[in-house]
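Structure record follows, encoded as structure tokens.
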Amino acid sequence: MSFYITCAIDYPNSQPHIGTAYEKIAADTIARYKRLVGEDVFFLMGLDEHSQNVYKRAQELGVDPQAFTDKMEGEFRAAWAAVNVEFDDFIRTTEDRHRVAVEAMVQRAEAAGDLYEGFYKGYYCVSCEAYYGERDLVEGNCPIHETPPEFREEVNVFFRLSAYQDRLKAHYEEHPEFVQPDYRRNELLALLDSGLEDISVSRASDGWGIPMPGHEGQSVYVWFDALTNYLSATGFPEETATYEKYWPADLHLVGKDITRFHAIIWPAMLMSAGVPLPGMVFGHGWVLTGGGRMSKSKGNVVDPLAMAERFGADTLRYFLLREAPFGRDLEFDIEKFVGRYNADLANDLGNLLQRTVGMAIKYQDGALGGHTEGDLTGLSATAREVEAEYREAMERYDLQGALKAIWKLVAAGNLAVDRHAPWALAKDPEKAAELDAVLSELVALLGKLTVLVHPFMPERSVAMAQALGLDDDPTVWSIDDLHDASRAPRQVHKSEPLFPRLDIEEVIEGDA
Ligand code: MSP
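Everything in the sequence shown is counted per the numbering used here, starting at 416 for the first residue and increasing by one.
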């Protein structure tokens with residue numbers, strides 16, 4: 416089965432931060448999980464370059480906008496690599512393959528009779544790249560950026576969005592999964608009920624943007640341009656093998672601020688062009704600092720590269736996905752981060768690994784007989800239950816739920832160590848078989864945990880595999896083999912602690 420997953424393509428006017436990284440980490444985790452269950456995954460990310468803020472920023476710096484975004488591409492790629500995000504394709508909206516797709520979408524909308532020229536008058540937030548009616552503003556400011564919008568009056572090309580209201584509603588009703596979580600779907604249903612207005616899909620050209628075919632002097636509105644990226648990466652409008660295999664996309668993962676563009680404008684554009692609709696738009700929450708959205712314009716950003724360098728990328732990934740139910744906002748706070756790290760990673764998972772491997776080395780030179788049939792510890796049965804819970808959560812993109820399920824297994828492992836006290840068994844030569852069974856079962860459990868945590872912690876899971884003497888190439892791992900006893904570790908190795916404890920005082924002093 417194929418699985419096509421996309422993230423929002425970022426505006427490259429400023430560097431990525433933990434808020435923008437959050438979405439990519441979540442998508443990467445889902446992509447890795449889908450690979451573990453044997454799906455043929457296509458994971459797309461990229462840059463949304465034709466934003467007016469990008470153009471402005473390049474002007475401020477006195478550089479050519481294309482040269483500026485070329486440089487920013489390097490910074491984005493470096494940040495994604497630093498947080499262990501691995502995509503299959505990276506699209507830039509300044510690429511030719513993208514322009515061709517956008518032109519095709521404009522031409523199809525035109526052919527469907529959905530474009531007309533009109534006069535636009537109203538408010539525009541350049542950071543959102545969105546038009547707002549007077550009633551949408553909060554004390555005269557953009558509701559998202561809390562900055563004053565520009566008043567604009569110009570001749571534009573309009574898209575007949577209003578004509579799609581009923582079809583969109585019908586689609587939401589027939590496919591309740593189209594917008595997730597349900598609370599976001601309800602927000603959008605309310606928006607649909609309040610009535611859709613036609614939208615402007617062009618603006619007077621300033622030389623930055625894709626020229627609007629058939630409308631001289633106009634550039635394609637940046638959202639009409641940007642949304643099309645999901646198609647351009649498949650080779651659209653050509654019906655390439657990639658298009659045939661992966662379109663329609665299964666999941667567009669985007670922030671809650673831009674869910675409406677993906678769940679209203681995008682499906683209407685696709686309907687107009689006669690292209691099948693994606694399976695799901697999932698609107699995730701925001702990473703907040705001090706209660707507000709982390710954003711460059713607010714100046715409260717945390718650098719993912721610095722975090723990854725200091726604490727490890729997988730640690731950051733774990734915190735972000737564990738901290739809140741996926742879909743809801745989460746507060747990024749260094750004390751909480753250190754607390755969770757010490758409790759869940761250093762104590763629970765790290766200690767289980769360190770203790771178990773340490774005992775296997777001390778009592779049996781690291782060799783395990785692999786006797787697991789009796790399920791003396793009950794860990795094998797617990798692992799089956801947890802695997803089912805984990806899969807069910809992952810299929811719903813309940814990433815926090817999946818982590819909680821894994822940690823039940825970690826807790827069961829630690830409990831089994833205490834209960835079966837291998838150090839006591841080791842004192843009695845007659846209990847050698849029992850000792851080997853307990854250690855084999857514990858080590859087998861760690862092998863399962865390695866696979867289950869892999870989507871969340873791609874790098875630490877490989878280190879776990881190495882300590883356990885397992886094949887350390889995750890591309891050969893599969894959840895279907897989870898309970899296959901013949902794959903359980905037989906020879907473990909001494910390793911450095913995977914999650915050394917952090918001292919909160921030192922961390923805070925380091926920040927000062
Ligand atoms: N370029 C548009 C998306 C076009 S998709 C066809 C855009 N870019 S953005 O750079 O402003 O945001 C990129 C993604 O990051 C969006 O999904 C946005 O919601 C998300 N986030 C930006 N700040 C965020 C947080 N503080 N927290 C979580 N996600 C955040 O919008």
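Ideal Cβ placement from N, Cα and C applies to all residues, glycine included.
Predicted, not measured: the structure shown is a model, and the values here were computed from it.
Cα-Cα separation, residue i to residue j
| i | j | result |
| --- | --- | --- |
| L767 | A758 | 12 Å |
| G707 | M686 | 36 Å |
| A524 | H586 | 19 Å |
| Q815 | A739 | 7 Å |
| R514 | I625 | 7 Å |
| A494 | V456 | 22 Å |
| A796 | H898 | 10 Å |
| Q881 | L913 | 11 Å |
| R916 | K863 | 24 Å |
| Y778 | A841 | 7 Å |
| T444 | F871 | 5 Å |
| R507 | V866 | 33 Å |
| N468 | I420 | 27 Å |
| G555 | C543 | 15 Å |
| Q481 | D621 | 14 Å |
| E592 | E920 | 45 Å |
| V500 | V716 | 19 Å |
| R550 | A817 | 41 Å |
| A859 | P663 | 39 Å |
| A852 | G785 | 7 Å |
Beta-carbon proximity list for residue i, same chain, < 7 Å, skipping 5 on both sides
| i | result |
| --- | --- |
| M627 | V521, V572, S617, Q633, S634, V635 |
| W822 | D759, D763 |
| F491 | D425, P427, P431, L462 |
| S466 | Y426, N428, E544, V637 |
Beta-carbon contacts of residue i that lie in its chain and below 6 Å, excluding the five residues immediately before and after
| i | result |
| --- | --- |
| F651 | A516, Y658 |
| P889 | H869 |
| T484 | P427, E464 |
| R575 | D529, D613 |
| V414 | Nothing about residue 414 can be read from this structure; the chain reaches only from 416 to 927. |
| D929 | Examination of residue 929 is not possible in this model, given that the chain is present from 416 through 927 alone. |
| D504 | L459, A648 |
| T509 | E464 |
| F418 | K449, E454, V456, D665 |
Residue i - DSSP class collapsed to helix/strand/coil
| i | result |
| --- | --- |
| S615 | strand |
| F726 | helix |
| M627 | coil |
| Y426 | coil |
| S634 | strand |
| T928 | As displayed, the chain neither begins before 416 nor continues past 927, which places residue 928 out of reach and without an answer. |
| L462 | strand |
| I506 | strand |
| N499 | coil |
| V716 | coil |
| I420 | strand |
| Y812 | coil |
| L668 | strand |
| V553 | strand |
| F483 | helix |
| G533 | strand |
| F574 | strand |
| D896 | helix |
| E565 | strand |
| D888 | coil |
| F871 | coil |
| F741 | strand |
| F651 | coil |
| V478 | coil |
| D597 | helix |
| A545 | strand |
| T457 | It should be pointed out that residue 457 corresponds to Phe in this sequence rather than to Thr. It is a strand residue. |
| A903 | coil |
| A641 | helix |
| A782 | strand |
Beta-carbon contacts of residue i that lie in its chain and below 8 Å, excluding the five residues immediately before and after
| i | result |
| --- | --- |
| L604 | K584, Y587 |
| F534 | E568, E569, V570, N571 |
| T435 | D425 |
| L854 | T771, M774, A775, Y778, Q779, L783, P837 |
| H630 | E532, V572, S617 |
| D790 | A796, E856 |
| K846 | L840 |
| E874 | N499, G727, A728, D729 |
Subject >> alpha helix (DSSP H) segments (min. 4 residues) lying fully within the segment 677-711 >> reply: 681-688
**OP:** Would you mind listing the beta strand (DSSP E) stretches within the segment 744-770 that are 3+ residues and don't spill past its ends, in chain order?
**Re:** none
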